[in-house]
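Reviewing the structure listed below.
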Amino acid sequence: MTLHQNLIAGEWVGSNGVENINPSNTNEVIGLYATASADDVRTAIAAAKQAFPAWSRSGILERHAILKKTSDEIMARKEELGRLLAREEGKTLPEAIGETIRAGQIFDFFAGEALRLAGEVLPSVRPNIGVEITREAVGVVGIITPWNFPIAIPAWKIAPALCYGNTVVFKPAELVPGCAHAIVDILHRAGLPKGVLNLVMGKGSVVGQAMLDSADLAAITFTGSTGTGKRVAAASIEHNRKFQLEMGGKNPMIVLDDADLTVAVEAAANSGFFSTGQRCTASSRLIVTEGIHDKFVAALTEKLKTLVVDDALKAGTHIGPVVDERQLATDTDYIDIGKKEGAKLAFGGDTITRENPGFYLQPTLFTEATNQMRISREEIFGPVASVIRVKDYEEALAVANDTPFGLSAGIATTSLKHATHFKRNSEAGMVMVNLPTAGVDFHVPFGGRKASSFGSREQGKYAAEFFTTVKTAYTLA
Ligand code: NDP
Numbered sequence: 091m092t093l094h095q096n097l098i099a100g101e102w103v104g105s106n107g108v109e110n111i112n113p114s115n116t117n118e119v120i121g122l123y124a125t126a127s128a129d130d131v132r133t134a135i136a137a138a139k140q141a142f143p144a145w146s147r148s149g150i151l152e153r154h155a156i157l158k159k160t161s162d163e164i165m166a167r168k169e170e171l172g173r174l175l176a177r178e179e180g181k182t183l184p185e186a187i188g189e190t191i192r193a194g195q196i197f198d199f200f201a202g203e204a205l206r207l208a209g210e211v212l213p214s215v216r217p218n219i220g221v222e223i224t225r226e227a228v229g230v231v232g233i234i235t236p237w238n239f240p241i242a243i244p245a246w247k248i249a250p251a252l253c254y255g256n257t258v259v260f261k262p263a264e265l266v267p268g269c270a271h272a273i274v275d276i277l278h279r280a281g282l283p284k285g286v287l288n289l290v291m292g293k294g295s296v297v298g299q300a301m302l303d304s305a306d307l308a309a310i311t312f313t314g315s316t317g318t319g320k321r322v323a324a325a326s327i328e329h330n331r332k333f334q335l336e337m338g339g340k341n342p343m344i345v346l347d348d349a350d351l352t353v354a355v356e357a358a359a360n361s362g363f364f365s366t367g368q369r370c371t372a373s374s375r376l377i378v379t380e381g382i383h384d385k386f387v388a389a390l391t392e393k394l395k396t397l398v399v400d401d402a403l404k405a406g407t408h409i410g411p412v413v414d415e416r417q418l419a420t421d422t423d424y425i426d427i428g429k430k431e432g433a434k435l436a437f438g439g440d441t442i443t444r445e446n447p448g449f450y451l452q453p454t455l456f457t458e459a460t461n462q463m464r465i466s467r468e469e470i471f472g473p474v475a476s477v478i479r480v481k482d483y484e485e486a487l488a489v490a491n492d493t494p495f496g497l498s499a500g501i502a503t504t505s506l507k508h509a510t511h512f513k514r515n516s517e518a519g520m521v522m523v524n525l526p527t528a529g530v531d532f533h534v535p536f537g538g539r540k541a542s543s544f545g546s547r548e549q550g551k552y553a554a555e556f557f558t559t560v561k562t563a564y565t566l567a
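Counting in the working numbering, the sequence shown runs from 91 upward without gaps.
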């Protein structure tokens, strides 16, 4: 079996590899992927540091061409890369191809941004002096990504980092090295000078920790759990470097009496259960007013009965497996907690077997939940959602905002008044009206508030805030 190596200082290196296992069929090994040591990480950071002066001053046409070529190859290979993604992460093939297309679009967007770098020229408050405000690259950027979007999240961090002239050391989640390796290979062949982009696969406790411990990373952008995010923050403060965190969510979806029932059920089914509920923007709290509660629960339950849980590659599968055994144990533990807390199990709750051994779980719906239960306060990150019954819009808004998190929030209503009020008063970074809480565009800001995020927004032109630093220059005329 081919060993997929790390890319350090422009060379593919590494001899020991770990197996990348398909969660839809644990008998299937997708490939062997090298694991980096802490020393490898230090070598990669040194290479990125050496490559920085030339890359940060490289021509914008060179950066544009490399990012565009990368986008074109990802788009041309979307079926093959989507298949790899579905096999290693477990989301369905259509979802995986969609995510791959998203990665291609992101590289295309930042290829364009490379040609649109701009600054400001202002007169000084003092006569005969001009002021120029420019954005410069930050330095060597460490990129640490989670397993749930194996190609899109690396793309939305790597593309802007390179676009604005930074060099990169990239550590993907250990569970999904396949897509990470594939996009680094594409970028490398597209013509990146050696050392500009380094890939260090392996365990967070070794590879990620060596990145946190380095004084030579000028910035770290991280997506993952709140616990690891706090470690990234503490280490970054210690080293006086820039950091950006995207972490968990406990996203509410309000359904009001006046909602279009079909729209509400489609939005809740999509954002609660698709991608196996393993999206930081998933709706896990369905906050429903009394007048529509019973109709909504009945219709959502009917919808859940129609969803097929099976192998991610099988045509007709709506929900693939949970990503691994550990996450499955977390999901089933929370289902037990929900039952003990007194929530009513309205649908699902059990693991299921399929043709091949995999981590299959029924979509699970609790009703009669309260917002104080652990299943309503803690992120589960599986296909598990709870319905919380409320009296009216005012109570729904209060419950929606009563959470440590603030990533995404939705409302299903036909009332312009309530939709407008919710957009203004939701304490989330992203608000959806009559749409699933998950599913966002690539050209506009992504991010949340409270415990969900820290630092400036990702994606679109707002990404420049993190991946550049501002310089103010004064010149006597
Ligand atoms: P983790 O925080 O465990 O892992 C995220 C990344 O950090 C992985 O690459 C991991 O490596 C690495 N890591 C782990 N320990 C360390 C360490 N000590 N130092 C440096 N890096 C480390 O999260 P998961 O990958 O398990 O992802 C699931 C979580 O991420 C959920 O809570 C989810 O909500 C959140 N998430 C948030 C998103 C957002 O945009 N807000 C998007 C996606 C996920 P390794 O894999 O090798 O352990």
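Think of the CB as a built atom: it goes at the ideal place given N, C-alpha and C, for glycine as much as any other residue.
Residue burial classification, residue i (beta-carbon count within 10 angstroms, cutoff 16)
i	result
LEU157	buried
GLY406	exposed
ARG479	buried
GLN368	buried
ALA137	buried
LYS261	buried
ASP384	exposed
MET343	buried
ALA358	buried
LYS181	buried
ALA208	exposed
ALA325	buried
GLN462	exposed
TYR123	buried
Host beta strand (DSSP E) of residue i (start-end)
i	result
ALA475	474 to 480
ASN117	115 to 124
TRP246	Taken as a continuous stretch (DSSP letters only), TRP246 belongs to no beta strand (DSSP E), being part of the alpha helix (DSSP H) at 242 to 253.
ASN112	107 to 112
SER127	Premise fails: SER127 is in no beta strand (DSSP E) and is neither H nor E.
GLY268	It is not in any beta strand (DSSP E) - GLY268 instead sits in the alpha helix (DSSP H) that spans 267 to 279.
GLY149	Looking at the DSSP string, GLY149 is not in any beta strand (DSSP E), and its letter there is neither H nor E.
ALA405	Run containing ALA405: none; DSSP gives neither H nor E here.
GLY438	Segment: none, GLY438 is in no beta strand (DSSP E) and carries neither H nor E.
THR493	Element bounds for THR493: n/a, residue is neither H nor E.
MET343	341 to 345
For residue i, the three-state DSSP class (helix, strand or coil)
i	result
LYS540	strand
LYS332	strand
ASN515	helix
LYS139	helix
LEU487	helix
HIS94	strand
ALA208	coil
SER373	strand
ILE470	coil
LEU302	helix
SER498	strand
PHE32	With the chain represented from 91 up to 567, any question about residue 32 goes unanswered, as that position is not in the structure.
VAL523	strand
SER231	Before going further, note that residue 231 is Val rather than Ser in the sequence given. Correct three-state label for VAL231: strand.
LYS507	helix
GLU163	helix
LYS561	strand
VAL322	helix
Interface flag, residue i vs chain B, CB-CB below 8 Å
i	result
VAL266	As a matter of chain content, chain B is missing from the structure shown, which is built from one protein chain.
N-terminal and C-terminal residue of the alpha helix (DSSP H) that residue i is part of
i	result
PHE197	183 to 204
GLU380	380 to 396
ASN360	351 to 363
GLY420	Strictly speaking, residue 420 in this sequence is Thr, with Gly absent from that position. Per DSSP, THR420 belongs to the alpha helix (DSSP H) from 415 to 431.
ALA309	Element bounds for ALA309: not the alpha helix (DSSP H) but the beta strand (DSSP E), 309 to 313.
ALA176	168 to 179
ALA554	554 to 557
Residue i Cβ short of 7 Å to the ligand NAP heavy atom set
i	result
ALA263	Ligands present in the displayed structure are limited to the ligand NDP, and the ligand NAP is not among them.
> For the 8 Å Cβ check, are there 3 or more pairs between the stretch 315 to 322 and the stretch 343 to 354?
Replying inline: In the pairwise beta carbon analysis, the stretch 315 to 322 is classified as not touching the stretch 343 to 354: fewer than three pairs are separated by under 8 Å.
>> I want to know whether the stretch 481 to 491 touches the stretch 442 to 450 - three or more CB-CB distances under 8 Å.
In response: Output reads no: the stretch 442 to 450 does not touch the stretch 481 to 491.
> So, do the stretch 241 to 258 and the stretch 552 to 567 have three or more beta carbon pairs nearer to each other than 8 Å?
Replying inline: Touching, yes, given that three or more Cβ pairs across the two stretches are closer than 8 Å.
> Three or more beta-carbon pairs under 8 Å between the stretch 518 to 533 and the stretch 491 to 502, yes or no?
Replying inline: The stretch 518 to 533 vs the stretch 491 to 502: in contact.
> Quick check: the stretch 373 to 390 against the stretch 163 to 177, are there 3 or more CB pairs under 8 Å?
Replying inline: In short, these stretches do not touch, since the Cβ pair count stays below three.
> Between the stretch 169 to 181 and the stretch 294 to 303, are three or more C-beta pairs nearer than 8 Å?
Replying inline: Between the stretch 169 to 181 and the stretch 294 to 303 there are fewer than three C-beta pairs closer than 8 Å, too few to call the two in contact.
> Looking at C-beta atoms only, is the number of pairs between the stretch 124 to 144 and the stretch 414 to 421 that lie closer than 8 Å three or more?
Replying inline: Between the stretch 124 to 144 and the stretch 414 to 421, the count of C-beta pairs closer than 8 Å stays below three; the two stretches do not touch.
>> Below 8 Å, how does it come out for the stretch 231 to 244 and the stretch 255 to 272: are there three or more Cβ pairs, yes or no?
In response: They touch, by the three-pair rule.
> Touching or not, the stretch 141 to 152 and the stretch 371 to 385, by the rule of three or more beta carbon pairs under 8 Å?
Replying inline: No, because fewer than three Cβ pairs between the stretch 141 to 152 and the stretch 371 to 385 fall closer than 8 Å, the two stretches do not touch.
> Does the stretch 195 to 212 come close enough to the stretch 525 to 533 that 3 or more CB-CB pairs lie under 8 Å?
Replying inline: Yes, the stretch 525 to 533 is in contact with the stretch 195 to 212.
>> For the pair the stretch 272 to 289 and the stretch 298 to 312, tell me if three or more CB-CB distances fall below 8 Å.
In response: Touching, no, given that fewer than three Cβ pairs across the two stretches are closer than 8 Å.
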